[in-house]
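Notes follow once the structure below has been shown.
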């Protein structure tokens, strides 16, 4: 578990690819449609996955270490999708702020494993493809090219 209460880790092995040529644009758009947060693109397949994760996390940014990776270098559709999810992130800001304050006061991270929120549910310890964003939002990113996702809903409170 990362002690920084808001964010994630960084991949150890980076593989850079050229992102502007097809079929990369289509995959970038699909990724944007499913993501938010810190956006790091090393492999284009990862790019979309990281976008969906990034925009539904506590910190979001577009950056690249060896190349410039921004949606307006792709096409209008990629730009519009990113706008839509940026707006979603902005609507979540009051909630994320409250969760950041709570994290500061309690030491409990805003982004947390399901088992931290549902410690009495035996299935929660095995849920490594979904997480809680604060107390109320369950996030289950799409990690498959067929856009399918399976998730578990713990018993409500």
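Residue numbers (this note's numbering): 3 to 159.
C-beta: ideal position from N, C-alpha, C; glycine also.
Three-way DSSP call (helix, strand, coil) for residue i in this model
| i | result |
| --- | --- |
| residue 133 | strand |
| residue 122 | coil |
| residue 146 | coil |
| residue 155 | coil |
| residue 45 | Confidence is the limiting factor: at residue 45 the pLDDT is only 38, short of 50, which leaves the residue's position unreliable, though a coordinate-based value still follows. In this structure, residue 45 counts as coil in the three-state DSSP scheme. |
| residue 35 | With a pLDDT of only 40 at residue 35, under the threshold of 50, the placement of this residue in the model should not be trusted, and no figure is reported. |
For residue i, the nearest candidate out of the options (CA to CA)
| i | options | result |
| --- | --- | --- |
| residue 58 | 126, 86, 73 | 86 |
| residue 129 | 116, 139, 90 | 116 |
| residue 92 | 110, 62, 104, 119 | 62 |
| residue 138 | 127, 145, 124, 120 | 120 |
Whole-angstrom distance between residue j and residue i, CA atom to CA atom
| i | j | result |
| --- | --- | --- |
| residue 25 | residue 148 | At residue 25, the pLDDT of 48 sits below 50, so the modelled position is not reliable and the matter cannot be decided from this model. |
| residue 109 | residue 96 | 19 Å |
| residue 141 | residue 133 | 5 Å |
| residue 150 | residue 131 | 12 Å |
| residue 104 | residue 81 | 33 Å |
| residue 127 | residue 118 | 9 Å |
| residue 64 | residue 125 | 34 Å |
| residue 158 | residue 106 | 25 Å |
| residue 78 | residue 94 | 24 Å |
Residues near residue i in its chain [Cβ-Cβ closer than 6 Å; skip 5 each side]
| i | result |
| --- | --- |
| residue 123 | 156 |
| residue 153 | 132, 142 |
Cβ shell of residue i (< 7 Å), same chain only, five flanking positions each side left out
| i | result |
| --- | --- |
| residue 23 | Since pLDDT at residue 23 reaches only 45, below the 50 mark, its modelled position is unreliable, and no value is offered. |
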